[in-house]
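Following my numbering, the numbering of the sequence shown begins with 29 at its first residue and continues without gaps.
Here's the structure we're looking at; comments come further down.
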Amino acid sequence: MNILKNILRLFGSWMGRHYPKQWISFRYFLRFYKQIDWSNPKTLNEKILYLSLMTDTIRWSALTDKYRVREYVETCGFKETLVELYGVWDNASDIDFEKLPNSFVLKTNHGSGEIKLVHDKNLIDKEKLVSYFNKAISKPYGEIEAGKHYSRIKPCIVAEQLLINDPISQKESSSIIDYKFWCFNGKVHYILVCSDRNEHSLSLSLYDRDWNVHPEYSVFTRYYQRGKVISRPENYDLMIKMSETLARPFPCVRVDLYNIRGKIYFGKMTFTSLGGMMNYFTNDFLDKAGSLIDLKYKG
Numbered sequence: 029m030n031i032l033k034n035i036l037r038l039f040g041s042w043m044g045r046h047y048p049k050q051w052i053s054f055r056y057f058l059r060f061y062k063q064i065d066w067s068n069p070k071t072l073n074e075k076i077l078y079l080s081l082m083t084d085t086i087r088w089s090a091l092t093d094k095y096r097v098r099e100y101v102e103t104c105g106f107k108e109t110l111v112e113l114y115g116v117w118d119n120a121s122d123i124d125f126e127k128l129p130n131s132f133v134l135k136t137n138h139g140s141g142e143i144k145l146v147h148d149k150n151l152i153d154k155e156k157l158v159s160y161f162n163k164a165i166s167k168p169y170g171e172i173e174a175g176k177h178y179s180r181i182k183p184c185i186v187a188e189q190l191l192i193n194d195p196i197s198q199k200e201s202s203s204i205i206d207y208k209f210w211c212f213n214g215k216v217h218y219i220l221v222c223s224d225r226n227e228h229s230l231s232l233s234l235y236d237r238d239w240n241v242h243p244e245y246s247v248f249t250r251y252y253q254r255g256k257v258i259s260r261p262e263n264y265d266l267m268i269k270m271s272e273t274l275a276r277p278f279p280c281v282r283v284d285l286y287n288i289r290g291k292i293y294f295g296k297m298t299f300t301s302l303g304g305m306m307n308y309f310t311n312d313f314l315d316k317a318g319s320l321i322d323l324k325y326k327g
């Protein structure tokens, strides 16, 4: 079974690299049982895929890079929202764990999900971590999704401050709350809130700009579970301002932020959420959100 999975993964990477449009069309059909309308994209997924393949995404690469994006955030005037940076390495074998604080986050700059939360470095298997991250940075990311902007990122390993859930937020979520600001044509329209994140599930709740919750726009599954109503975060207006400033040049981007006791922290910028294959939103929402995106927008 593992051999078959590896063969399929290699085939998908090859197709994504050499025949991205055909490969995206094939994957889209498998997921949604319909063809992409490349000539007249309408839905949120279709427009994300169109932008990723048919427009210049060179700038996306720098802002998708979880290390290089820090410079952009600082340039936009939000340096104070950057989590503390402890180190950057091209090879995990060069990490000096003795110089790191007792708790920290290790992650790759080019992928998604290659992250380890270290609460006590005295309890970790350092050799295992080094092996994991050297393997992670040796693999190209985004080829299976045909995400060409990922292929331009030079992989590295980043160590940053570990954010801890505050007592108020702990009453609403067992994990740190992730606020994902969906920006279309430089304006925030919706916020997807992720809470109670664990290895097996994730709770979702979608809000409009006025913080009205819209469960009718989500498709809930065993993994994507219906989240409880989360309180409007402190300094919410500043989170809106920050998201719109960062998103201003782009027709569509998702800005992820955290909020600890009213202190805002930058998370990341995402241009191809779930590779443009989001199935946790209803068709109505995908149509509605897609209609808000002007493909010719130039911020």
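Glycine included, each C-beta is placed from N, C-alpha and C at the ideal position.
Identity of the residues DSSP links to residue i by a beta bridge
{"i": "Met297", "result": "Val283"}
{"i": "Lys135", "result": "Ile143, Val186"}
{"i": "Trp210", "result": "Tyr218, Arg282"}
{"i": "Trp239", "result": "Trp239 pairs with nothing; no bridge assigned."}
{"i": "Lys291", "result": "Ile288"}
{"i": "Tyr252", "result": "Leu230"}
{"i": "Phe309", "result": "Ser246"}
{"i": "Ser223", "result": "Ser231"}
{"i": "Gly115", "result": "Ala187"}
Top-ranked residue by Cα proximity to residue i, from the options
{"i": "Ile332", "options": "Asp206, Leu220, Thr136", "result": "With the chain covering only 29 through 327, there is no way to say anything about residue 332."}
{"i": "Ala275", "options": "Arg37, Phe60, Arg87", "result": "Arg87"}
{"i": "Ser201", "options": "Lys33, Lys144, Gly255, His228", "result": "Gly255"}
{"i": "Tyr308", "options": "Leu79, Tyr169, Leu234", "result": "Leu234"}
{"i": "Glu227", "options": "Lys326, Tyr252, Leu77", "result": "Tyr252"}
{"i": "Arg237", "options": "Ser223, Ser231, Glu272, Arg250", "result": "Glu272"}
{"i": "Cys104", "options": "Lys269, Asn34, His147", "result": "Lys269"}
{"i": "Val23", "options": "Ser140, Leu191, Val116", "result": "Past the edges of the chain, shown from 29 to 327, lies residue 23, and the structure says nothing about it."}
{"i": "Leu323", "options": "Pro279, Gly290, Tyr286", "result": "Pro279"}
{"i": "Gly290", "options": "Cys222, Ile196, Phe299", "result": "Ile196"}
{"i": "Lys163", "options": "Arg180, Asp148, Cys184", "result": "Cys184"}
{"i": "Phe299", "options": "Ser89, Asn30, Leu38", "result": "Ser89"}
Close-in-space but distant-in-sequence residues of the same chain around residue i (CB under 7 Å, 5 per side omitted)
{"i": "Asp73", "result": "In the sequence on display, residue 73 carries Asn and not Asp. Same-chain partners within the cutoff: Gly304, Met305, Met306, Leu314."}
{"i": "Tyr178", "result": "Thr92, His138, Tyr169, Gly170"}
{"i": "Lys49", "result": "Leu81"}
{"i": "Phe294", "result": "Val101, Phe106, Thr109, Leu110, Leu285"}
{"i": "Arg59", "result": "Met305, Asn307"}
Outcome for residue i when other beta-carbon atoms lying within 10 angstroms are tallied against a minimum of 16
{"i": "Arg282", "result": "buried"}
{"i": "Thr83", "result": "exposed"}
{"i": "Ser67", "result": "exposed"}
{"i": "Lys154", "result": "exposed"}
{"i": "Pro2", "result": "Because the chain here runs from 29 to 327, residue 2 falls outside it and cannot be looked at."}
{"i": "Thr249", "result": "exposed"}
{"i": "Lys127", "result": "exposed"}
{"i": "Ile31", "result": "exposed"}
Same chain, Cβ closer than 8 Å to residue i, five either side skipped, listed in chain order
{"i": "Gln63", "result": "Ser53, Tyr56, Phe57"}
{"i": "Asp148", "result": "Asn130, Ser131"}
Own chain partners of residue i with C-beta closer than 6 Å, once the 5 adjacent residues on each side are dropped
{"i": "Ser229", "result": "Tyr251, Gln253"}
{"i": "Gln189", "result": "Val111, Glu112"}
Does the segment 231-244 touch the segment 215-223, meaning 3 or more C-beta pairs lie closer than 8 Å? yes
Segment contact, 8 Å Cβ cut-off, at least three pairs: the segment 169-184 with the segment 39-52: yes
Are three or more beta carbon pairs between the segment 120-135 and the segment 157-171 nearer than 8 Å? yes
Would the segment 195-215 count as touching the segment 256-272 if we require 3 or more Cβ pairs under 8 Å? yes
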